[in-house]
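Chains as they are written, first to last, in my numbering: chain D, 1 to 391; chain V, 1 to 391; chain P, 1 to 271; chain Y, 1 to 271. Note that the Cβ used here is the ideal one computed from N, Cα and C, for glycine as well. Here is the structure we will look at, set down as structure tokens.
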Amino acid sequence: MTKGRFGRYGGMYVSEILMHALLELEEAFERIYPTEEFQKEFHGLLRDYGGRPTPLYYARNFSKHVGFKVYLKREDLLCGGSHKLNNALGQALLAKKMGKRRLITETAAGQHGLATVMAGNICGLKTEIFMGVKDIERQASNVNKMKLLGAKIKPVKTGAGVLKDAVSETLREWASCSRTTHYLMGSTVGPHPFPTIVATFQSVIGQELKQQILEKEGRVPDAIVACGSGGSNALGAFKPFIEEKGVRLYFVEGGGESLGAENSAAAFQHGSPGVLHGSLMMLMQDRWGQIRPSKTRAAGLNYPGRGPEISHLCEEGRVKPCYALDREVFEAVGVMCRTEGLIPALETAHAIAYVLNHPEEFSRDDIVVINYSGRGDKDIEAILRYYYGSS
Amino acid sequence: MTKGRFGRYGGMYVSEILMHALLELEEAFERIYPTEEFQKEFHGLLRDYGGRPTPLYYARNFSKHVGFKVYLKREDLLCGGSHKLNNALGQALLAKKMGKRRLITETAAGQHGLATVMAGNICGLKTEIFMGVKDIERQASNVNKMKLLGAKIKPVKTGAGVLKDAVSETLREWASCSRTTHYLMGSTVGPHPFPTIVATFQSVIGQELKQQILEKEGRVPDAIVACGSGGSNALGAFKPFIEEKGVRLYFVEGGGESLGAENSAAAFQHGSPGVLHGSLMMLMQDRWGQIRPSKTRAAGLNYPGRGPEISHLCEEGRVKPCYALDREVFEAVGVMCRTEGLIPALETAHAIAYVLNHPEEFSRDDIVVINYSGRGDKDIEAILRYYYGSS
Amino acid sequence: MDLLEMKFQDLRRRCEGAHMAHVYYGDPCEEFSLKLVETLVENGADMIELGIPFSDPIADGPIFQAACERALKAGVTPVKCIQAIRKLRSKGIQAPIIVTTYFNIPYVMGFTRFLESIKEAGAQGILIPDLPIEEAEPYGRMTIEKGLHMILQIAPTTSKTRLKMILEEASGFVYLISLEGVTGSRLKSTSTTLRLIRNVKAYTSVPAMVGFGISKRENAETLIQAGADGVVVGSAYAKIYMEKLDNPFEALPEIAKQAYEIKLGCKNRSF
Amino acid sequence: MDLLEMKFQDLRRRCEGAHMAHVYYGDPCEEFSLKLVETLVENGADMIELGIPFSDPIADGPIFQAACERALKAGVTPVKCIQAIRKLRSKGIQAPIIVTTYFNIPYVMGFTRFLESIKEAGAQGILIPDLPIEEAEPYGRMTIEKGLHMILQIAPTTSKTRLKMILEEASGFVYLISLEGVTGSRLKSTSTTLRLIRNVKAYTSVPAMVGFGISKRENAETLIQAGADGVVVGSAYAKIYMEKLDNPFEALPEIAKQAYEIKLGCKNRSF
Ligand SMILES: Cc1ncc(COP(=O)(O)O)c(C=O)c1O
Ligand SMILES: Cc1ncc(COP(=O)(O)O)c(C=O)c1O
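Given below as structure tokens:
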């Protein structure tokens, strides 16, 4: 029980085969990340390719609707349509500098897969993406984009054909090629050093946010609300505020259809600590430790585990674990469409739904920031089906 | 023959019914646009809602591919996925300050319609969008987005069911409601003052571009390449460089399947001056002055006229009129995907295709800027069909 | 004094309002249009507004849009339309003829050549719905020089300042657009139109014809009684034969009746 | 000396390499697994690696993934697997039993309770593929304290430094992962594996068993001759009954033959 611990969570629970790769990655990250060369290249790409800084938008109409000031941290405007590129660019650059020739990863909503192939192309690395067959079906538009960009898509049929299974499959693949291939982990999950690396790359969100809100309001916000499963966009936004005890931090997970055991992805609501995919974290599992399938309409939140750092922050009480149900999420999409002309990703809409449905948590003078993690282009079909029935 | 002339082009060729609305608009624009209040609100929204400034990205891999330095002005990163929001936000704000309650417009690719309903929602104005039935079919994803955002979609069945017909229909509708409704013209076309207003709002592209290239290269570029039909993204990019005679300006229109009369949208190649939709401009027409239908796979370039200002600049020789054929365009999409991980809009891909296919126009030391007007999400189906056959 | 001015003088003498019938030439074929004009003139139309079809008639509603489309598909050209004027004259039709078309048609033909052709064929004037007063220079002057009238339009949205500008240039008559909309729109309330007529008549002695949305005898009556010098009826006629496109000639009796009714509405002029 | 140590001593005395058969318990039903273990032991398996199925077996290839899935669907639980050890012992099976499972299973049960249960049931050790040496503390110590071996793994990617760390903690035997991949992968070239064996044998006298991708007598022969103390065969057995899932018992003769062959490959030990 050594490295990469967040309270009791984290660790490196992987096959001995992969240990060399994780240790190599840890060493490379610690050595390369702080260099001026890396920082310059990384932040240059984030700016010129990614479109950073993303704006902090005062959502006037939405604020009027809820009765307090709401800002949106616009990660939807990042190239590719979500926060995922922050991490993908960082890791791809790192992998290139480590001499790797290929990237593998998994994706659920497709956003991370998309970000990975973009970053891969920029860095001249081949990309192979594992995706559950069910996710391939429901996120067809992102699958098509990834294909066009030249990624090899590997359908994963095992298990329920969703994210959890794709992660397992990618880990298996990595065991066979870790010398030449980097596993570009998409969220703050997996064995150390991934949770730390991903959170570090994503923390650019919070750094910008802090500067922007200070410029606009002269003070830190009262609350930051982010959706998540692994926790990368949430941690990215929360990081620079962890020590600012006055800032309430809300983490909204996928409640699914209902909180009932078979219809949810709310690991903080009915999960317990356990080990999956290399890390000890809050996990949906049965009493024997078999992982329970998660369920939510938001593919990107459909993972039975919460990353170790967010698991720890929730356990500590620093972050409040919350959830939103599918129905609330679709309704929240509608409100954001009407008030601000923005179609959020279903994942993002969890954070919006929470703000809409929990007036008791916010007061009239509050300044609330929603980390607007992604746009809803990929979810249009599902949203249309909700609003207009099957067509 | 008075106002809003660019050389011989331009004018206000509309029914007397609409004259009051145009004159009111002209007056309001001249009065309101320069005010600090408007500027602050407009640029505030462009920044925080739209995501401006958009980056100027040095496309290293693409540059290597073509053999000279190519920068991309990343309008695809603007909220909504194209440059259209610059204009839509400006006009919606103006309409609101003029006391209008409703926006109408037409759209082909759907990008302008999308931008209009976004801007409408922000400003609290209802939105109604006229769209040719053929375009509704081929740009389904944008239609769905507009619907979700609350726009009323009016299918236009007259004529060929494309952009030209939708513009006519919107003008007809406007004649019946111009006191309360603003026609939010989507490109630098239509009667004065539209071409001037749209170019003014879009010129933010060129202003940023100039500052950015000076920062990065210490000099203005050798060439700027933009696609277009009406000319709004091109003029937006060109405007601050018109007087800089050393900067070559290329305007790439939709060549279509071939330059043959029935298969193209290349008005500069086989058009002549004429009047359509309120303005004298370069136009595809038969020898009697009947407008000829245009044809190109890029819905947003599928208009038989070139706006008056771009018509004039081409006639004067300041801008070089060029075209790209459909096949070249699809191939250009592929190159951009592979080299930079970006899927361009089919419209944008015209500019890319021109740069790829005209090495004789560029030398090794050139710095070339492509105005990367939009992303290809809306065109994925068509692109997939080209690359993988019908699926 | 030309045919048009004589017609107004004549009507004034008989205390009648004018009835101008608007027809898009060549819909669905030339033969029919020629016969249609004849029928209209014989049954109560005092003058003819002869439309040259345009591919993108932005001031026209669905009925006339479809008419243009059919006529163009049938191969009608501006030259054929102009020849039609000659044919009508040679058939002995004396009614004044105003040629209507969108600006691009004469622009592409060359404005002077266009004027010369229609003058020579026997027309009295032109009406270009997308050529407002601001753009009419130098075309208005050229028209007068060729001995033709340029009919200008005034709308409910026209400001007083512009009204005066337009009336200053008016020739032949002014065309009052009755409503905010396109041809073929339904005229729901006439209050705006009546105000428009009052305003115009206060400033000019040039005849004022009212058009757009007129389809019934009562419309004509109301407008003429309010001081209009005449009415223009167009889509209402096209609508009748549109339903019998297989053999539009069958529609002529009904059109004749309708023209007669409209003319009746124009007759009780109280001044 | 426990059953495991005795087994190695015995084999060494007989100049034989060890043959460990890896089985996921409960696939496709408990009865079959019990019979399978019996068959294996009777036909040449010196020891048994008894897998407790896990929902997400990330070190396993498709064959063992499917095995886990079937077993879980059939209702197997960790407790039933542990009871199975007792059943095997009560049937008189003397072969050492190593319990294999992913870390979450003992973690959720409580590591101590887990160790106590399997010890009590009659197991000799545990192998947790996702518990590398870095995470093995305090679990390794606890295992030793309960009188069980914690079997550690070494891979072709293991650095010399880590090799030494691992060998220092090794107990019972070390499990050499023959290739970079998952269980059931095809062992294409043995050169890496042979180098791995040499390296390990240079540093330790703890027995070294080689696993992953071994399916043929020749594989076993080569590895044993190169100095391995034994081989592990798993997916190769599962693959045989996988094709007869309707009645997997029918596959037992073929499995028996295969086990015998493998054991033959272990016999010619040259030292
Ligand atoms: C838009 C968006 N938001 C949020 C998430 C959740 O991931 P994380 O918890 O790592 O932020 C995803 C995952 O795909 C996503 O696409
Ligand atoms: C992405 C994109 N680029 C270019 C255009 C062409 O329009 P314009 O010539 O006004 O820039 C369009 C029109 O829809 C568009 O969507």
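On the premise that Y:THR101 lies in contact with Y:LEU128, defined as a C-beta separation below 8 Å, what is that separation, rounded to the nearest angstrom?
The sequence given here places Ile at residue 128 of chain Y; Leu does not occur at that position. The pair is a contact, with the Cβ atoms about 7 Å apart (cut-off 8 Å).
Per DSSP, which one or two residues make a beta bridge with V:ASN371?
Per the DSSP secondary-structure output, V:ASN371 pairs in a beta bridge with V:LYS73.
Quick check: what's the CA-CA separation for V:GLU244 versus V:THR200?
When rounded, the distance between both Cα atoms is 18 Å.
Between the segment 170-187 of chain D and the segment 80-92 of chain D, do three or more beta carbon pairs fall short of 8 Å?
Flag = yes, the segment 170-187 of chain D and the segment 80-92 of chain D touch.
How about D:ARG338: is its C-beta nearer than 8 Å to some C-beta of chain V?
Closer than 8 Å: yes.
Output needed for Y:PRO248: all residues of its chain with C-beta closer than 7 Å, excluding positions within five of it in sequence on either side, in chain order.
Cβ-Cβ distances below 7 Å link Y:PRO248 to PRO28, PHE32, TYR241 in the same chain, with the five nearest sequence neighbours on each side left out; the list follows chain order.
Less than 8 Å between the C-beta atoms of Y:ALA277 and Y:MET209, yes or no?
Residue 277 of chain Y cannot be examined here, being either before or after the span of chain Y that is shown, 1 to 271.
By C-beta, the residues closer than 5 Å to any heavy atom of ligand 1, given in chain order
Having a Cβ closer than 5 Å to some heavy atom of ligand 1 are D:SER82, D:ALA109, D:GLN111, D:SER187, D:GLY228, D:SER229, D:GLY230, D:GLY231, D:SER232, D:ASN233, D:GLY300, D:ALA345, D:GLU347, D:SER373, D:GLY374.
Out of curiosity, what's the CA-to-CA distance linking D:THR196 and D:GLY4?
Rounded to the nearest angstrom, the gap between the Cα atoms of D:THR196 and D:GLY4 is 7 Å.
For V:ARG338, the first and last residue of its enclosing alpha helix (DSSP H):
First-last of the alpha helix (DSSP H) with V:ARG338: 326-340.
Looking only at its own chain, which residues have a Cβ that is under 8 Å from the Cβ of V:MET1, when we skip the five neighbours before and after it?
Residue confidence is low: V:MET1 scores 46 on pLDDT, short of 50, so the model does not pin down where it sits. No coordinate-derived value is stated.
Using a Cβ cut-off of 8 Å (strictly closer), state whether P:ALA59 contacts chain V.
Yes, its Cβ sits closer than 8 Å to a Cβ of chain V.
Touch test, the segment 287-300 of chain V against the segment 105-115 of chain P, Cβ-Cβ under 8 Å, three pairs minimum
Output reads yes: the segment 105-115 of chain P touches the segment 287-300 of chain V.
To be precise: take each residue of the segment 138-149 of chain D, compare its Cβ to all Cβ atoms of chain V, and keep it if any distance is under 9 Å. Which residues remain?
Closer than 9 Å at the C-beta level to chain V, one finds these residues of the segment 138-149 of chain D: SER141, ASN144, LYS145, LYS147, LEU148, LEU149.
Would you check whether ligand 2 has a heavy atom nearer than 7 Å to the C-beta of V:LYS84?
For ligand 2, at least one heavy atom lies less than 7 Å from the Cβ of V:LYS84.
Specify whether the segment 296-303 of chain V and the segment 343-362 of chain V touch according to this definition: at least 3 beta carbon pairs, one from each stretch, less than 8 Å apart.
By the criterion of at least three beta-carbon pairs nearer than 8 Å, the segment 296-303 of chain V is in contact with the segment 343-362 of chain V.
State the DSSP-derived secondary structure class of P:LEU187, mapped to helix, strand or coil.
If DSSP states are grouped into helix, strand and coil, P:LEU187 belongs with coil.
With 16 other CB atoms within 10 Å as the buried threshold, where does Y:GLY75 fall?
That one is exposed.
For D:GLY256, which of helix, strand or coil comes out of DSSP?
If DSSP states are grouped into helix, strand and coil, D:GLY256 belongs with the strands.
Fully enclosed by the segment 53-110 of chain V, which alpha helix (DSSP H) runs are 4 residues long or longer?
Runs found: 60-66, 84-97.
Within 8 Å, do at least three Cβ pairs link the segment 224-236 of chain V to the segment 368-378 of chain V?
The segment 224-236 of chain V and the segment 368-378 of chain V touch, with three or more beta-carbon pairs separated by less than 8 Å.
Per the contact definition of three or more C-beta pairs closer than 8 Å, is the segment 46-58 of chain P in contact with the segment 68-85 of chain P?
Contact between the segment 68-85 of chain P and the segment 46-58 of chain P is present: 3 or more CB-CB pairs across the two stretches fall below 8 Å.
Taking CB distances under 8 Å as the criterion, tell me whether D:GLY274 reaches chain Y.
For D:GLY274, the answer is yes, since a Cβ of chain Y falls inside 8 Å of its Cβ.
For the alpha helix (DSSP H) that P:GLN65 lies in, which residues bound it at each end?
Note, P:GLN65: alpha helix (DSSP H), 62-73.
Quick one: which unbroken alpha helix (DSSP H) runs of 4-plus residues sit fully inside the segment 148-211 of chain P? Chain order, please.
List check, alpha helix (DSSP H) in window: 160-169, 191-203.
Give me the Cα-Cα distance between P:LYS87 and V:LEU78, rounded to the nearest whole angstrom.
The straight-line gap from Cα to Cα measures roughly 60 Å.
Cutoff 6 Å; reference Y:ILE214; Cβ partners in own chain excluding five residues on either side:
A distance below 6 Å between beta-carbons, with the five flanking residues on each side excluded, links Y:ILE214 to the following residues of its chain, in chain order: VAL231, VAL233.
Reduced DSSP category for D:GLN290 - H, G, I as helix; E, B as strand; rest coil:
Reduced to three states, the DSSP call for D:GLN290 is coil.
With contact counted as at least three CB pairs below 8 Å, one residue from each stretch, are the segment 34-53 of chain D and the segment 300-319 of chain D in contact?
Remark: fewer than three beta-carbon pairs, one from each stretch, lie closer than 8 Å, so the segment 34-53 of chain D and the segment 300-319 of chain D are not flagged as touching.
Among Y:LEU36, Y:TYR175, Y:GLU250, nearest to Y:LYS91 - alpha-carbon criterion:
Residue Y:LEU36 is the option with its Cα nearest to Y:LYS91.
Consult DSSP for P:ARG113 and reduce its assignment to one of helix, strand or coil.
Helix at P:ARG113.
Could you tell me if V:GLN111 is buried or exposed, where buried requires 16 or more neighbouring beta carbons within 10 angstroms of its beta carbon?
Under this definition V:GLN111 is a buried residue.
Does the pairing of the segment 379-391 of chain D with the segment 95-102 of chain D give three or more beta-carbon distances under 8 Å?
No, because fewer than three Cβ pairs between the segment 379-391 of chain D and the segment 95-102 of chain D fall closer than 8 Å, the two stretches do not touch.
Quick one: which chain P residues come within Cβ less than 8 Å of V:LYS100?
Near V:LYS100 there are no residues of chain P at all, since even the closest Cβ is about 14 Å away, more than 8 Å.
Buried/exposed call for P:LEU115, threshold 16 Cβ in 10 Å:
Note on P:LEU115: 16 or more other CB atoms within 10 angstroms of its CB, so buried under the neighbour-count rule.
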